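In the numbering used here, the protein residues as written are 6 to 97.
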């Protein structure tokens with residue numbers, strides 16, 4: 006296996022943290038990306054596991070783009086929720 010740079014390692018470490026906070030639906034989509042890229046994984050009653058250090062750059066980039074999309078959607082939803090809350094308060 007090729008060695009990876011500290012920057013790549015840190016990026017993959019951050020991705021691990023990001024993957025842990027995905028919702029069930031988001032996690033299933035991330036798993037689809039893993040399968041589509043033929044990433045080796047194992048599965049048991051605790052979940053699905055794969056080595057982020059061994060996935061291809063292509064798979065990593067696809068996962069990264071998906072996670073960034075999920076973060077953006079969450080931020081937008083939070084802003085809409087806040088706007089709705091403020092609107093409700095103004096009606097009272």
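Just so it is clear, CB atoms sit at the ideal spot from N, CA and C, and this is done for glycine as well. Bear in mind the structure is a predicted one, so any value in this text is a computation, not a measurement.
Query raised in the report: Taking contact to mean at least 3 C-beta pairs separated by less than 8 Å, is the region 49-68 in contact with the region 20-38?
Result: Counting Cβ pairs under 8 Å, three or more are found: they touch.
**Report entry** For residue 53, the three-state DSSP class (helix, strand or coil)
**Finding:** Residue state, collapsed to three classes: strand.
Query raised in the report: residue 91: buried (16+ other C-beta within 10 angstroms of its C-beta) or exposed?
Result: Residue 91 is classed as exposed because its beta carbon has fewer than 16 other beta carbons within 10 Å across all chains shown.
Query - Inside the region 26-78 only - alpha helix (DSSP H) runs reaching at least 4 residues - result: Counting only runs of 4 or more, we get 29-41.
**Report entry** DSSP state of residue 12 mapped onto helix, strand, coil
**Finding:** If DSSP states are grouped into helix, strand and coil, residue 12 belongs with the helices.
**Report entry** Rounded C-alpha distance that separates residue 52 from residue 46
**Finding:** Just so you know, the alpha carbons of residue 52 and residue 46 end up roughly 10 Å apart.
Query raised in the report: Cβ atoms of residue 72 and residue 23: under 8 Å apart, would you say?
Result: For residue 23 and residue 72, yes; Cβs fall inside 8 Å.
Query raised in the report: Whole-angstrom Cβ separation of residue 21 and residue 57, contact assumed at under 8 Å?
Result: That belief holds up - the Cβ atoms of residue 21 and residue 57 are roughly 6 Å apart, short of 8 Å.
Report task. Using beta-carbon positions only, say whether residue 44 and residue 54 come within less than 8 Å of one another. Result -> For the pair residue 44 and residue 54, the CB atoms are not nearer than the 8 Å cut-off.
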